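If you read the sequence shown in this note's numbering, its first letter stands for residue 510, the second for the next number, and so on.
For glycine and all other residues, C-beta sits at the position ideal for the given N, C-alpha and C.
All values derive from a computational prediction rather than experimental measurement.
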Amino acid sequence: MADVSDTGTSGVFSVVDYVVFAVILIVSAAIGLYHACTGGHQRTTQEFFVGDRQMKFVPVGFSLLASWMSAVALLGTPSECYSYGTMFWLISGSYIFVTLIAAHLYIPVFYRLRLTSVYEYLQLRFSHAVKLIGALAFIFHMILYMAVVLYAPAIAINAVTGFSIWKSILTVGLVCVFYTTLGGIKAVIWTDVFQTLVMFAGLLAVIIQGSIAFGGFKNIWQINQDGGRIIFNEFGIDPTIRHSLWSLVIGGTFTFLSNYGCNQLSVQRYLSCPSERDAKRALYVNCPLLFVILSLTMMCGLVLFAMYGDCDPILRGQISRADQLLPYYVINELGFISGLAGLFIGCIFSGSLSTVSSGMNSLAAVTLEDVLPKQRFTERTAAILSKVLACTYGLLCVGMANLAGYMGPVLQVALSLMGIIGGPLLGLFTLGLFFPCANNKGALVGVFASFAISTWMAIGAFLHPTPHLGLTTTLDDCPLLNTTLNTTDVTFLDDNTTYFETTDTSLYNLTAFTTEATKDTTPHPVLASLYSISYLWYSVIGMLVVLIVGVVTSLITGGNEDVDPSLLSPVIQSFHSCNCRRSGHKLQRLDDLDMMDVDTNSYWKKSPNNIHTAL
């Protein structure tokens, strides 16, 4: 372990740091201004929401990455590695499955429908009521998720500069509102590209400097191996194991599939591509980028343990939670490099800006297309309303971000939200795409049952948290601390805020404590085992409940023999020979349409009520 100086968190930004940080924000804002003043000047909803369907697949692939990994990954993953070891690295195995499934089973259907909101599919397949449920669930999910993402850089900046968390949230939110409202999806995608590069630069700087300090990354790896952090052998099938191979790969697949398969943020980017082939290419670009950013953040976690494993700043009271470890390291160990702290904070800011801007644009699209009463707006009026909605959601999320600090570690909170809400929504779309027998009643009963069970499990887990003790860290190598320690009323703040009190003034065995202590919740209720299920299984459970209940209810209520094949996944279309027309929907079968990867712009037009219909 490295010799850690007793510096505390007194680091202050230098002039160079402020300049670097300001340049990052200015470039993001400038991209928004550029797209507000070029092209069609964001005067139509098609340009504001899908970039006139002319975006290139490479920047769209970068945008897909930035939309979901953001500051949650940048802060949460290193602290995860520091506290629990490298097991989380295996979630990368799910990325391949997610990419293949989404690209070939989900994207083709949504792209060929030429919709603006993915939830319009639910109306075509089921009913307006099902569409409204899906849209409202997405809105609720994204507001909470964006609040977590806004909160993440705020704690980083607070740890580094002492700048208040509220002011940090406000700064991120206002910059994001500015360029998203002005530049639409084009500004969002191109700022995502820039901000992704900034994220990579910030993480690489930490890893390179850490490797230099320890004489090479192999030495960092060895320190972590000696400290029990290199873990890839948890193969237990017990669903209550927090991170096992099965929960990470299987649970991770369905958790991320709810994002990349049927979430508005992702589908909106697919629809911005000029062809279905380009939409798939964008997803394939995203896959290796996901692995790269996961690896970089995990390597940062290894650097953190090499530096602080025997002088834990949480045990010392220098910081209050593991999510602050990485910024603490940057300012205290790398602050001598002018501009690096500014680059790192810009890196964290970029992560949040990319996700929040994507969310604002998508929330506006869903609200305009699916929630507001259909009106015969002119394109100009609809475009203005879209910008007002985006701005409103941005400001709302700024307000909600103040609650995120009470939710727990940012990484687990974000993935839990994806599972609790994303799982039932994934099940709803999967029911429509893969089960021709499913009808409106089955969809309604299935999704309500899934939301009820997912919410019940989440509330139970919150009220009766299962202890997940992290791996041991010590204070053995701390200067001036290897002496008798008065531990009277010692407070260790962590994920769930635990208080240890003692009046013993003798040498205290601090190695018994970990960075992830939890509340005493004994006795547990009878259903404790259900509440103890790993958060990575939430998506799987939510989806399965929708499918099982939805199919059974549909069969009991008569099934559905009148399904347009174009509303089914390609693998199901090949087994479903129905060529009938759906009189109750806007969409009709086009027998002369080449469904195998063509640009279908000429086959579609926009109706007055904003639903796409066949010519």
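query	result
With DSSP collapsed to three states, give me the class of T680.	helix
In terms of residue numbering, what span does the alpha helix (DSSP H) encompassing T586 cover?	S579 to Y593
Three or more C-beta pairs under 8 Å: does that hold for the segment 750-768 against the segment 590-610?	yes
Should the segment 780-796 be regarded as contacting the segment 1067-1084, the criterion being three or more beta carbon pairs within less than 8 Å?	no
With C-beta atoms as the reference, is F571 less than 9 Å away from V658?	no
Count the other CB atoms within 10 Å of the CB of A661; is the residue buried (16 or more) or exposed (fewer)?	buried
On the premise that L803 lies in contact with T586, defined as a C-beta separation below 8 Å, what is that separation, rounded to the nearest angstrom?	7 Å
Compare the C-alpha of L577 against each of Y527, N768, G979 and S1038 and name the closest.	According to the sequence as given, residue 577 is Trp; it is not Leu. If we check each option's Cα against that of W577, N768 comes out closest.
Alpha carbon to alpha carbon, what distance is there between C856 and A1135?	Here the chain has residues from 510 to 1124 only, and residue 1135 is not among them.
Could you pull the start and end residues of the alpha helix (DSSP H) that Q555 belongs to?	T554 to V559
Are L898 and T876 close, meaning C-beta to C-beta below 9 Å?	yes
Compute the Euclidean distance between the alpha carbons of D526 and V707, then round it to the nearest angstrom.	14 Å
Is the beta carbon of T625 less than 9 Å from the beta carbon of F814?	no
With R621 as the anchor, note down where its alpha helix (DSSP H) starts and where it stops.	I616 to L622
Does DSSP classify E888 as helix, strand or coil?	helix
Could you check the C-alpha separation between D986 and G682 for me, to the nearest Å?	40 Å
According to DSSP, is Y604 helix, strand or coil?	helix
Three-state secondary structure (DSSP) at N870?	helix
Since A947 is in the alpha helix (DSSP H), which residue starts that stretch and which ends it?	That residue, A947, is in no alpha helix (DSSP H); it is neither H nor E in DSSP.
Use the C-beta contact count for S1083: other C-beta atoms within 10 angstroms, 16 or more gives buried, fewer gives exposed.	exposed
Using a 10 Å radius around the Cβ and a threshold of 16 neighbouring Cβ atoms, would you call P485 buried or exposed?	Lying outside 510 to 1124, the shown extent of the chain, residue 485 is not represented and no answer is given.
Between Q1158 and the rest of its own chain, which residues show a CB-CB distance below 6 Å, the 5 nearest in sequence each way excluded?	The question about residue 1158 has no answer here: the residues shown for the chain are numbered 510 through 1124.
Alpha carbon to alpha carbon, what distance is there between S523 and A612?	46 Å
Suppose the cutoff is 6 Å on Cβ atoms and the five residues either side in sequence are ignored; what does the same chain contact list for F957 look like?	none
So what does DSSP say about D986, is it helix, strand or coil?	coil
Would you give the residue range spanned by the alpha helix (DSSP H) that T764 belongs to?	G761 to Y769
Taking 7 Å as the limit between beta carbons, can you name the residues of its chain near I666, skipping five residues before and five after?	F672, S677 and I854
Y527 by DSSP, collapsed to three states: which one?	helix
May I ask you to verify whether the segment 684-703 touches the segment 792-801, counting CB pairs closer than 8 Å and requiring at least 3?	no
Can you tell me whether L881 is helix, strand or coil according to DSSP?	coil
With H, G and I counted as helix, E and B as strand and the rest as coil, what does DSSP make of R738?	coil
In its own chain, which residues sit with a C-beta less than 7 Å from the C-beta of L766, not counting the 5 before and 5 after it?	V607, I610, A611 and L935
Give a yes or no on whether the C-beta atoms belonging to L574 and T705 are separated by under 9 Å.	yes
Contact defined as beta carbons within less than 8 Å: I believe S963 pairs with G932. What is the distance between those atoms, to the nearest angstrom?	6 Å
Whose C-beta lies closer than 7 Å to the C-beta of V812 among residues of the same chain, with five residues either side of it excluded?	V715, I716, G719 and I729
On a Cα-Cα basis, can you pick out the residue from Y1044, P976 and G979 that is closest to W965?	Y1044
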